[in-house]
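Let me begin by presenting the structure, written as C-alpha cells, before commenting on it.
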Amino acid sequence: MIRVMIVEDQKLVRSLLESYIQSEDGYQLAVSIPGAAEAPILCDTEDIDLVLMDVQTEHRENGLAAAKKIREAHPAIKIVVATSLIDTQVLARAKAVGADSLWYKDHGTEELISVVKRTLAGEKVFPDTA
C-alpha cells in the first residue's frame with residue numbers, strides 16, 4: 004500500500020486530490036494538510052511513501068522549501084510538486100530542491116495518476132517546457 008500525503012491549501016483542490024488517491028487501488032491517503040510547514044514534521048512521524056506538494060500553501064508557506072527539508076531527511080520519499088504556476092523558475096526550483104516530478108494542476112486526473120505511478124517507479128517527470 005502506497006501511503007500518500009497531500010499538501011494543498013485550496014479546499015476544493017485538496018478534496019479532489021484526496022478523491023483521486025482514494026479511488027486508486029494500492030494507494031492510501033495517510034495525511035492531508037493545508038500548510039507546507041507541517042509536512043516535514045509529519046514525515047518524521049508518519050509512514051509516508053509519496054508527497055503531493057503544492058508550491059505555495061496556507062499562510063504563503065513555501066512548498067518547495069518543505070520539499071527540500073523532506074528530501075534531506077527522508078530521501079526515499081517520492082515528492083511530486085503540484086502547481087498552477089506555469090513558470091520556468093518554478094520548474095527549475097522544483098528540480099533544484101530535489102523534487103522527483105512536477106504536475107501542472109490544469110492537466111487532467113489521468114495525467115496526475117500517470118505522473119504519480121511513473122514517479123513511484125523511479126522516473127523523474129518534468130514538463131519539457133513551462
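The sequence shown runs 4 to 133 under our numbering.
All C-beta atoms, glycine included, are put in the ideal place defined by N, C-alpha and C.
Quick caveat: nothing in here was measured; it's all calculated off a predicted structure.
Query, Result
"Spatial distance of Ala133 from Leu94 (CA atoms)", "Summary for Ala133: the model assigns pLDDT 41, below 50, so the residue's position carries little reliability, and this model does not support an answer."
"Rounded separation between Lys108 and Val100 - CA only", "20 Å"
"Option in His110, Val54, Ala97, Leu105 with minimal Cα separation from Ile36", "Val54"
"For Glu11 and Thr86, believed in contact at Cβ under 8 Å, the rounded distance", "Not really, about 11 Å apart at Cβ, beyond 8 Å."
"Beta-carbon separation (whole angstroms), Asp103 vs Lys120, contact threshold 8 Å", "Actually they do not touch by this definition, with Cβ atoms about 12 Å apart."
"Cys46 beta carbon less than 8 Å from that of Ile9", "no"
"Identified DSSP bridge partners for Met56", "Val10, Val84"
"Nearest-angstrom Cβ-Cβ length linking Ala40 and Glu64, presumed shorter than 8 Å", "5 Å"
"N-terminal and C-terminal residue of the beta strand (DSSP E) that Ala33 is part of", "30-36"
"4 or more residues per run - each alpha helix (DSSP H) lying fully within the segment 76-130", "91-99, 112-123"
"Counted within 10 angstroms of its Cβ, other Cβ atoms place Leu115 as buried (16 or more) or exposed", "buried"
"For Glu64: DSSP bridge partner residues", "Thr60"
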